[in-house]
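The sequence shown begins at 0 in numbering that gives the first Met the number 0 and counts up one residue at a time.
Beta carbons: idealized from backbone N, C-alpha and C, even for Gly.
The next block holds one structure in the form of structure tokens; read it before the comments.
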Amino acid sequence: MKKINVFLLMVSLLLGTTGCANWLSEDDAPKMTYDYYGTEQGVDAAVAAAYSFLRWGCGGERYDVLTELGTDLFTAGSDGNNKTSFNGYGTQLNPENSILSKLWENHYKGISDANIAMDQIRKSDMSESKKMTSLGEMLFIRSFLYFELVQQFGKVPLVTEGSFEIRTDFKRTAIADIYKQIITDLRTAVEYLPEKVDDSQKGKATSYAASHLLAKVYLTRGSAVADVRGQKVTDMDSVLYFAENVIKNSSYRLQKNFADLWDINNMGNSEVIFAVQFTSNPIFNDEGNTFHLYWLPVYDDEAGMERDIFYGRPYKRYRPTDKVLFGLYDRKNDSRFYKSFRWAYMSNYTKTIPVWEQLEDKGEIYFTPDPSKGQIAGKKKFEVGDTAIYYTIEKTGFTKNSIEMKKLRANKSYTYYPYEVHDSKHYPTLIKHMAPNRPSVAERASSREWVRMRLGETYLIAAEAAGRKGDFDLAAQYINVIRERAAWADGETKTAQYWEVEGGDINDMNSTYDDIKVTAAELSAGDFVSFMLDERGRELLGEICRWEDLVRTEKFYEWVKKYNSEAEAAIKPYHKLRPIPQTHIDRLDPVGPIEEEQNEGYY
């Protein structure tokens, strides 16, 4: 463990008191002292600081790399330094990896701060209700951080007491004991935290956030079959108890339209149970939320386009696998597929709008404008506001650089990307993390909230627990709540690809729910765990949880090898855990045998 420095701790507390809600934006906090911890104002500052450690994951290429890259659903785009390590499972995925060492450092700093603050809260003379709420928040945050650590690394040091003393003798704790501590903490947090917070406390944990997280922890522990996580026969009962507490007793409600979840003007909507908060004030925004950068292809060098705030700054990091495009969804009837991606870009730059012209290749003319179709030589192909780029998963049957493909694309007024032309720079954009409210095109730090828990997932957690218990009627009931929202609604205008690609009727305005609802018989007849893993993929695509879902269900090695062609050659079963950072091992004194300090496969 890293030496705890009192000065740095105080600085972190002060920096942590920034955010978009009043409780995160105190810029007049007094100088910290040991005694200050025991005051109500000091406790509030310490709690705010603890929340700041939850921001780390989206302040750069961090938790998205750890959970979405190198899975069955996303593979690497053309750019970035993590393609070989986290997508290809190459030798760069080793104990020296900086993302892993920074994850370790951030989370243990947060755990240390939470432990110290809890010690002081217990000693303070505040009211019992204030103590309980503050302790509940600290337990929630410590549990959150430990849950991420144990999923990524397996055995890690378990520290539950605060100390300003230098320690170098930390030993890793058995996974079962870590889960036991997380569950103990969260059960207390459920009891101590309030059911609701007002707008001035937006972003703070509630009893229902702790219930959701606790249900997910029980599900993760109880999902183990070959792995040893301390699983108990009652785990699925506990999952259902805490998930249904949220579903039945809270005021959270599903958004009616799946697309509304990604509207930047709809942050903090009725479905959001817990989200990490940011602010538009750059002074208090730390590194901000940068997830919006990583899911975009090149668009700004295409005809009629320039980079702008709405379409984003394309870092070209993650692109969907063929499983997402062709195997995961009922694309015709499940609206989540088309509502999760951007398929068209409207022209925003008049200077590069092309004109119709005769084109030839190696002396062979393969396209001549057809005036009867409005293709008049010298006339602009489109205007600003018209479609400039259009992606589709339609398969033409032509190879990428064939004359036939060139003819087909040249006949379009816009830049046309059928499936055969998709590559590491050109692919549909996942829109879930877009941040069109940034102040400038170049701004990396966005103020978009990072949704860590939403009610849609709570239903799926409950459904999986029910099915694992053999109650497929209840599992189908909960899945169908999500499927009803996933379907095209009565009277809803469907995407053009519904009839252009998927074989639907352009005049069909009917609901597609009957086409995608599930039955208990269907669930019981198949591989239920695989079904639920794919259903989570359909609902939670790109929402920073996939790698952990694959590991939790013990499908990681099989599914990544099968569906991610860039990973299949190098991936090994031991990659289900990350290497323990060398920076941690180097600090240990005494240090044990390497097989005790490091995970298998990394020494």
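When C-alpha distances from Trp355 are compared across Ala486, Asp262, Thr320, Ala409, the shortest belongs to Ala409. The beta-carbon separation of Ser510 and Ala486, rounded to 6 Å, stays under the 8 Å limit for a contact. Ranking Thr38, Ala441, Tyr573, Ser100 by CA distance to the CA of Gln119 puts Thr38 first. In this structure, Pro417 lies near Lys394, with their beta-carbon atoms less than 8 Å apart. Within its own chain, the residues whose Cβ lies closer than 7 Å to the Cβ of Asp548, once the five positions on either side in sequence are excluded, are Leu532, Arg535, listed in chain order. Scanning Lys493, Ser346, Asp307 for the CA closest to the CA of Tyr337 turns up Lys493. DSSP places Trp449 in the strand class (E or B) of the three-state scheme.
Per DSSP, the unbroken beta strand (DSSP E) holding Tyr317 starts and ends at 317-319.
Note that the C-beta distance between Thr518 and Ala474 is not below 8 Å.
Where Thr278 is concerned, there is no enclosing alpha helix (DSSP H), because DSSP gives it neither an H nor an E. Restricting attention to alpha helix (DSSP H) runs no shorter than 4 residues, the region 74-158 encloses them at 97-122, 127-152, ordered along the chain.
The Cβ atoms of Asp514 and Asn256 lie no closer than 8 Å to each other.
Collapsing the DSSP output to three states places Lys516 in coil. For Tyr62 against Ile543, the beta-carbon gap comes to about 6 Å, under 8 Å, which counts as contact. Just so you know, the alpha carbons of Thr172 and Met508 end up roughly 57 Å apart. Annotation for Phe471: no beta strand (DSSP E) segment contains it, though the alpha helix (DSSP H) segment containing it runs 471-485. Taking the C-beta atoms as reference points, Gly59 is found no nearer than 8 Å to Phe85.
DSSP, reduced to helix, strand and coil, places Ile570 outside both helices and strands of the structure shown, so it counts as coil. Judged by their CB atoms, Tyr207 and Ser249 are nearer to each other than the 8 Å cut-off. By the neighbour-count definition (other C-beta atoms within 10 Å, threshold 16), Arg451 is a buried residue. Straight-line measurement puts the Cα of Leu138 at about 9 Å from the Cα of Asn114.
The distance from the Cβ of Leu540 to that of Gly153 is about 26 Å, inconsistent with a contact at the 8 Å cut-off. As far as DSSP is concerned, Thr167 takes part in no beta bridge. Counting of Cβ neighbours within 10 angstroms places Gln276 among the buried residues, the total reaching 16 or more. For Ser142, the CB contacts under 6 Å within the same chain, skipping 5 residues up- and downstream, are Ile181, Asp184, Leu185 in chain order. Here Gly377 has Val354 as same chain residues with Cβ atoms under 6 Å from its own Cβ, once five neighbours each way along the sequence are excluded. Cβ neighbours of Tyr458 within its own chain (closer than 6 Å, five residues either side excluded): Tyr477, Val480, Ile481. Annotation for Ile110: Arg141, Leu144, Tyr145, Val158 place their beta carbon closer than 8 Å to its own, counting only its chain and skipping 5 residues before and after. Cβ contact annotation for Lys215 (same chain, cutoff 7 Å, sequence separation greater than five): Ile460, in chain order. The three-state secondary structure of Val500, taken from DSSP, is coil.
Taking C-beta atoms as the reference points, Gly600 and Arg443 fail to come closer than 8 Å. With respect to the 8 Å criterion, Lys372 and Asp71 are not classified as neighbours on the basis of their beta carbons. If you draw a straight line from the Cα of Tyr602 to the Cα of Phe169, it is about 19 Å long. Contact between Ile174 and Gly229 holds: their C-beta atoms lie close to 7 Å from each other, under 8 Å. Secondary structure note for Tyr365: its beta strand (DSSP E) is the uninterrupted segment 363-366. Closest by C-alpha distance to Asn105, out of Arg54, Ala204, Pro592, is Arg54.
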